[in-house]
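First the structure, in the form of C-alpha cells, and then the observations on it.
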Amino acid sequence: MNPTFREAVYQIVAAIPPGSVSSYGQVARQAGFPRHGRFVGRLLSQLPAQTRLPWHRVLRGDGHIALAGTPGGEEQCRRLQAEGVVVLGQRVAMKRYQWQPDAVREQ
DNA sequence: TCTGTGACGATTG
DNA sequence: ACAATCGCCACAG
C-alpha cells in the first residue's frame, strides 16, 4: 500500500474528535484518494490490536457498523457509546454525529 | 490476463 | 426501509 495514503489515513482518523464519527469514503476523500473507501477499511483491518487510533469512529457511509455481528463490532459499539454516541441496533445517527472537518466545511 | 475478494458507496425498484 | 446491482480499486492466485 502507498505509504503516503497510509500516513494520510492514520492522521485523518486520529483527528476525529471523541463523540464524532466519519465514514470510510469520507476519510479516503480527505486523504486525497476518492473512491478508495475499501482501502481505508483494509488499513483499519490491519491495524495492530494495541493501536491508539480511534478506528471505532469510522463507520459505513449510511451509519451502519461495518463489523456488525462480529466481536470487533461489539467492541466498536462499546467504545462509541462510551463517548456518548447512541448506537441503535447496528446503526448510529450519522446526521447527528458526522464529523465535518474544516477543509471540507470551507467548500 | 482473468477472477474472486473485500471494515465501501451510489442508484434503483 | 430493504435488497439487488453496479461501479470502484488494489491485491492474491
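Residue 3 is where the first sequence starts when you use my numbering, and the numbers rise one by one after that. Every residue gets a Cβ at the ideal spot worked out from N, C-alpha and C, and that includes glycine. The structure presented is a predicted model; accordingly, all values stated were derived computationally and were not measured.
Is SER47 buried or exposed, if buried means 16 or more other CB atoms sit within 10 Å of its CB? Against the first sequence, residue 47 aligns to sequence position 45. So SER47 ends up on the exposed side.
Can you confirm whether the segment 7-20 touches the segment 35-50 when touching is taken to mean that 3 or more C-beta pairs between the two stretches lie within less than 8 Å? The segment 35-50 vs the segment 7-20: in contact.
Check whether the Cβ atoms of LEU82 and HIS58 sit closer than 8 Å, and answer yes or no. Position 80 of the first sequence, counted from the start, is the residue given in the question as residue 82. Position 56 of the first sequence, counted from the start, is the residue given in the question as residue 58. Yes, the Cβ-Cβ distance between LEU82 and HIS58 is below 8 Å.
Got a sec? Which residues, its chain only, sit under 6 Å from VAL87 by beta carbon, not counting five neighbours each side? Along the first sequence, one-based indexing puts residue 87 at 85. Shown here for VAL87: same chain residues with a beta carbon closer than 6 Å to its own, the five before and five after excluded, namely VAL94 and TYR99 in chain order.
How far does the alpha helix (DSSP H) with GLY43 in it extend, from its first residue to its last? As a working note, residue 43 is residue 41 in the first sequence. Looking at the DSSP string, the run of the alpha helix (DSSP H) that includes GLY43 is 39-47.
Quick one: give me the first and last residue of the alpha helix (DSSP H) that GLU77 is part of. For the purposes of this step, residue 77 is identified with residue 75 of the first sequence, where counting begins at 1. 73-84 is the span of the alpha helix (DSSP H), which, as asked, contains GLU77.
How many angstroms separate the CA atom of MET96 from the CA atom of ASP64? The sequence position of residue 96 within the first sequence is 94, counting from 1. The sequence position of residue 64 within the first sequence is 62, counting from 1. Straight-line spacing of the CA atoms in MET96 and ASP64 works out to 7 Å.
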